[in-house]
Amino acid sequence: MPESYLVIGGSGFLGSHIVNGLLNRGESSVAVFDIVQRVFDDRIVFFSGDICNEKQLVDAIQKCQASVIIHTASPAPEAPKEVHQRVNVEGTRTVIAAAVSCAVPKLVYTSSAGVVFNRNNIVDADERMPFPQSEESYNTTKQMAEDIVIAANGKDGLATCALRPAGIFGPRDRLMMPSAAQAVTRGQWTIQIGKNDNIFDWTYVDNVVLAHLLACDKLSLATPPLANDELGNALPQVTLTTGFRRIPTSAAKPIGPSPHPDKEELAAQEEFNDPSTQQVRPVLRTKFDALSPTALGIDYDEDKSPLKVAGNTFFITGGEPLYQWDFFRAIWTALGADIDMKKMWHIPRSLGQWLALGAESWGWITGKGTNFTPFRVHYLTAERWHNIEKARRVLGYEPIVGVEEGIKRTVAWWLADQAEKTSEK
Amino acid sequence: MPKATELLYLLFRHPNELRALAQYWVWTDNRELSDPKELASTGWDRESMRTCWAYLDMTSRSFAVVIKNLQGDLARIICLFYLTLRALDTIEDDMTIPVEVKQPLLRDFYKRLDEEGWNFTGNGPEKDRDVCVHFDVVIQELARIPKSCFEVIRDITKKTGKGMADFCDRVSPGRSFYVETIEEYDLYCHCVAGLVGEGLSRLFAATGKEQEWIADQLELSNSCGLFLQKTNITRDYREDVDDGRFFWPREIWGKFGFADIKELKEREKEQQAVFALNGMVLDALRHSVDSLDYLTMLKNQSVFNFVAIPQVMAIATLALCYGNPEVLQRNVKIRRGQTVQLMQKATNPRDVAYVFRDFGRRIHAKSLPQDPNYLKISVACGKIEQWCEHHYPSFISLVSGSKDGSASISPTAPGGDPRALIYQRRVVREQEKQRRDLAIRVGLDPAKMNNNQEEQAPWWLLAAMMGTTVLLFAITAGIAFLVIWWFDLM
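Which chain is which? The protein sequence lines are A and B, in order. For reference, each letter of the first sequence is one residue, going 1 to 425 in the numbering used here. For reference, each letter of the second sequence is one residue, going 1001 to 1490 in the numbering used here.
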């Protein structure tokens, strides 16, 4: 029987993309629960309601006979503390209660990579990392919500998992692109704070959608965990942006300029053109690796295998972290800025932080506010990237849109959107 | 010995490199081939082998030392492998030999390897022609190496000779050697360098220096070879173009508005030419992470050094070439002091990885947003960063200096790396587990024992302390009572 999907928060940036993803793969039963409707499509059933109102949720679940709930509702990080608390914590608790009371079998929760972020450098973070104390209410409430979701796994037959995307961007994004465009109009590309040797995860929205669809498909209490010996071969590198080319070997290579190819050469060419014959490489793990035998033996709680979908969390990124300023410079360049690296002002990170503190105070005194804050300086100069091997192995997740292509599509959307807005005026 | 001016320059501009040079001269103990204890493996007692060692010195400036320092027989075997390929290369490079003569010569070269007394005198004034002229000594020595190793050398010679001959077809009269696509470029590099990588892996395995399966890791072996070859092709642009050899594939430079590769050296379109050069560096970087993977698989120290040294030189050379218009005008080279410094670091995979990362960052620091490959370079360097931190996480540092001289692990967290928390939790869990195991071994219920330790121990301690206090008080009071009683009696 085909699944029936209820997307809670389906009008939001990610939510609307998930709804489109479901429709595009031909799902016949897709419903949205949100405050207001933003995606209009005849194939969607829309329920307007409050995430903290269990009655409204139960009503929607029963009406659409949901077998899978995707809970992706979350306020923006900039929203006030109370809203975070209400939607992320109370809302999630209500969603779980409604799902359990309606005996929904599956629930996929959109958490955030921010759950491990507290202004530290996040380097090769994997899912073993404990939650840090965080000052941002968005992050702390996401932590609480994730705990609620994971604790509900197995409760009355409900299977849950949580995805932690990092730095989502793409068409309809209302966070990153406006501020990037603003930086261009203000000519802010002439300064660089820090050394720009910090790499950062940016994830194109389609990749996050794919991860959600995979989670819906693979989430089940009955599926046994992956066997440890399935971890022995190395996964291929993510080559979406740099491009994939197979390395020629004496066993698999193109014919090239050979004037009279013999049988052996023809066989080698056939091998070369057949992606399934890609050479298997042993995986190299130190004992600090999240999936090393040492780690599997001691780093996880005894009754919780990391090698299955149900009850687990997954970092989701594009797998191509890049230097933070490069990401913005590429966008600025695509928006028409001509960045002259020779005229760049280099400001050391510590000085940048002091200046930002000054700017923030000045903005506060004058009441004008500023986007040049110490948090932003940190955001531009910190390492922030994650390890997605668990998602690749257990969810079968492989990113499909690289960061370069993602930027291209996002900027194209932005320019078209801006043009539309000006023509409307 | 370098010139005094060079040393003076180093003293002021790069004092660390001068220090490295001095250390190298004072401390480095290179293998002495004539050592009587080593004769069995170096073959120094034979005239023919001494000639071969002399040819090695003559033909390879950089490789001679690293080859000689290989352990046991491997040095001699790889010296012969090197000379065989050098002879083949000399024939391939020689533009005075007509193609119809050259092709069969290359294709059948492997058949000569056990033809006693064979040599080739048909070379023009090539710089390494002596190796061909006296190739009979190499043949003589090849007869003495283990059969399994000889077969590897012959097989690689056959494949390389065939590949070279195939590519030779492109150099028929009136046409010059031209590489069109990146696929073709990869294939050419495979023929002249990737195959060498395959051969070396097989020799490491055949001599028992490395694990058997390394011989089957064809892709990684090729990647190591391709990384070196592509670096050389990138660096040698001017020399090759002046000699009429055009190895840079049109697929890389064609999109920058050049009709002919020779136009890259013209100064008018320098910026575009440098972007094309950067495209070549980017293509070479594709193999950098594979090369680190390969190095991590090696177990033998001498083999590691042998493989790692050229690899660190390559990444340093790429960093020197990236964004550098000088490459289009002359042959740029890394400084000798830097070479020595790199050689000293190329002793373990962790340091090599960090060298890769440092040069990756230098490359990235020079990239320009106007370069169409701007994001690709960023992602490619990011891959090296990822590799380093994943395989050799920086929050773990080895601390030496404990009393028994062994190194211990210290999860120091610069800037508070939260990964240290995972490790700290692991240490606690390991201790708990040890305690539990101990309890089981001495026949106690581990659950109860934990309780004993955590809850009862303080109670006992408190009781003991209180008991002692009461006892001391009683004794003191007793003594006082006795004294008073005694004096009262008096």
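C-beta: ideal position from N, C-alpha, C; glycine also. Small disclaimer: the values here were computed from a predicted structure and weren't measured.
So who's on the other strand from Pro165 of chain A, going by DSSP bridges?
Answer is A:Ile316, bridged to Pro165 of chain A.
Please say whether Val149 of chain A and Ala162 of chain A have beta carbons closer to each other than 7 Å?
Yes, Cβ-Cβ distance for Ala162 of chain A and Val149 of chain A is below 7 Å.
Do the stretch 303 to 312 of chain A and the stretch 217 to 235 of chain A meet, that is, are 3 or more Cβ pairs less than 8 Å apart?
The answer is yes - the stretch 217 to 235 of chain A touches the stretch 303 to 312 of chain A, with three or more Cβ pairs under 8 Å.
Would the C-beta of Gly256 of chain A count as close to the ligand HEM, meaning under 6 Å from any of its heavy atoms?
The ligand HEM is absent from the structure shown, which contains no ligands of any kind.
Using a threshold of 7 Å, state whether the C-beta atoms of Leu1010 of chain B and Glu1017 of chain B are closer than that.
Yes.
Taking Phe1167 of chain B as the query, report the chain A residues whose CB atoms sit under 8 Å from its CB, ordered along the chain.
Result: Gly256, Pro257.
For the candidate residues A:Arg245, A:Asn139, A:Met129, A:Asp41, whose alpha-carbon lies nearest to that of Thr110 of chain A?
Here the closest residue by C-alpha is A:Asn139.
What do you get for Pro1414 of chain B, buried or exposed, if any count of 16 or more other CB atoms within 10 angstroms of its CB means buried?
Annotation note: pLDDT 46 at Pro1414 of chain B (below 50); position unreliable, no value reported.
Just tell me which of A:Glu320, A:Asp299, A:Glu383, A:Tyr397 has its CA closest to the CA of Gln1431 of chain B.
Ranking the options by Cα distance to Gln1431 of chain B, first place goes to A:Asp299.
Are the stretch 1057 to 1072 of chain B and the stretch 1299 to 1313 of chain B touching by the rule of at least three beta carbon pairs closer than 8 Å?
Counting Cβ pairs under 8 Å, three or more are found: they touch.
Any beta carbon from chain A within less than 7 Å of Gly1382 of chain B's own beta carbon?
It does: the Cβ of Gly1382 of chain B has a partner Cβ on chain A nearer than 7 Å.
Drop a sphere of 10 angstroms on the beta-carbon of Val238 of chain A, count the other beta-carbons inside from all chains shown, and report buried for 16 or more, exposed for fewer.
Buried: at least 16 other Cβ atoms inside 10 Å.
In three-state terms, what does DSSP make of Lys1003 of chain B?
Coil at Lys1003 of chain B, not helix or strand.
Mind reading off the beta-carbon distance from Asp1236 of chain B to Asn1331 of chain B? Whole number of angstroms is fine, and I expect it under 8 Å.
Sure, about 7 Å apart at Cβ, within 8 Å.
Is it buried or exposed, Phe1204 of chain B, if we count other Cβ atoms within 10 angstroms and call 16 or more buried?
Per the 10 Å Cβ criterion, buried.
Looking only at its own chain, which residues have a Cβ that is under 7 Å from the Cβ of Glu1239 of chain B, when we skip the five neighbours before and after it?
Result list for Glu1239 of chain B: Asn1331, in chain order.
Cα separation between Glu960 of chain B and Tyr1024 of chain B?
Look at the range of chain B in this structure, 1001 to 1490, and you will see that residue 960 of chain B is not part of it.
So, with DSSP's three-state summary, where would you put Ala159 of chain A?
Looking at Ala159 of chain A - three-state DSSP - the assignment turns out to be strand.
Should Val1428 of chain B go down as buried or exposed, given a rule of 16 or more other Cβ atoms within 10 Å for buried?
Flag for Val1428 of chain B reads exposed.
What residue does the beta strand (DSSP E) around Trp345 of chain A start on, and which one ends it?
First-last of the beta strand (DSSP E) with Trp345 of chain A: 345 to 347.
Across the stretch 247 to 267 of chain A and the stretch 1208 to 1221 of chain B, are there enough close Cβ pairs to call them in contact, namely three or more that are closer than 8 Å?
Verdict: yes, contact present.
My guess is that Gly91 of chain A and Ile51 of chain A are in contact by the Cβ rule of under 8 Å, so how many angstroms apart are they, rounded?
The Cβ separation is near 4 Å, so the contact holds.
For Gly352 of chain A, which residues in the same chain have their Cβ closer than 6 Å to its Cβ, ignoring the five residues on either side in sequence?
Excluding positions up to five away in sequence, the list reads Ile193, Val377.
Within 8 Å, do at least three Cβ pairs link the stretch 92 to 108 of chain A to the stretch 64 to 73 of chain A?
Contact between the stretch 64 to 73 of chain A and the stretch 92 to 108 of chain A is present, because at least three Cβ pairs lie under 8 Å.
Within 7 Å of any Cβ in chain D, is that where the Cβ of His1390 of chain B sits?
Structure shown: chain D not included; protein chains present are A and B.
7 Å is my cut-off, CB to CB: does Thr1296 of chain B come that close to chain A?
Output row for Thr1296 of chain B: interface = yes.
Mind listing, in chain order, the continuous beta strand (DSSP E) runs of no fewer than 3 residues lying wholly within the stretch 1258 to 1290 of chain B?
You should have found no qualifying run.
Taking 8 Å as the cut-off, does the stretch 1193 to 1203 of chain B touch the stretch 1144 to 1161 of chain B (at least 3 CB pairs, one atom from each stretch)?
Touching, per the Cβ criterion.
Can you confirm whether Phe443 of chain A, when its beta carbon is compared against all beta carbons of chain B, has any partner nearer than 7 Å?
The requested residue 443 of chain A is not part of the displayed model; chain A covers only 1 to 425.
Can you find the residues in the same chain that come closer than 8 Å, C-beta to C-beta, to Leu1080 of chain B, ignoring five residues on each side of it along the sequence?
The residues are Cys1052, Val1138, Glu1141, Leu1142, Ile1145, Ile1153.
Since I believe Ile35 of chain A is in contact with Ser48 of chain A (beta carbons under 8 Å), could you give me their beta-carbon distance rounded to a whole number of angstroms?
That pair is a contact at about 7 Å.
From the beta carbon of Leu1218 of chain B, is the nearest beta carbon of chain A less than 7 Å away?
Yes, its Cβ sits closer than 7 Å to a Cβ of chain A.
Is Met341 of chain A close to chain B, meaning its C-beta is less than 7 Å from at least one C-beta of that chain?
Closer than 7 Å: yes.
Which stretch, first to last residue, makes up the beta strand (DSSP E) that contains Val192 of chain A?
Note that residue 192 of chain A is Gln in the sequence shown, not Val. Element bounds for Gln192 of chain A: 191 to 193.
Three or more beta-carbon pairs under 8 Å between the stretch 404 to 419 of chain A and the stretch 199 to 213 of chain A, yes or no?
Verdict: yes, contact present.
Can you tell me the Cβ-Cβ gap for Ser506 of chain A and Glu264 of chain A, rounded? I've got them flagged as a contact below 8 Å.
Residue numbering for chain A in the displayed model covers 1 to 425; residue 506 of chain A lies beyond these limits and cannot be assessed.
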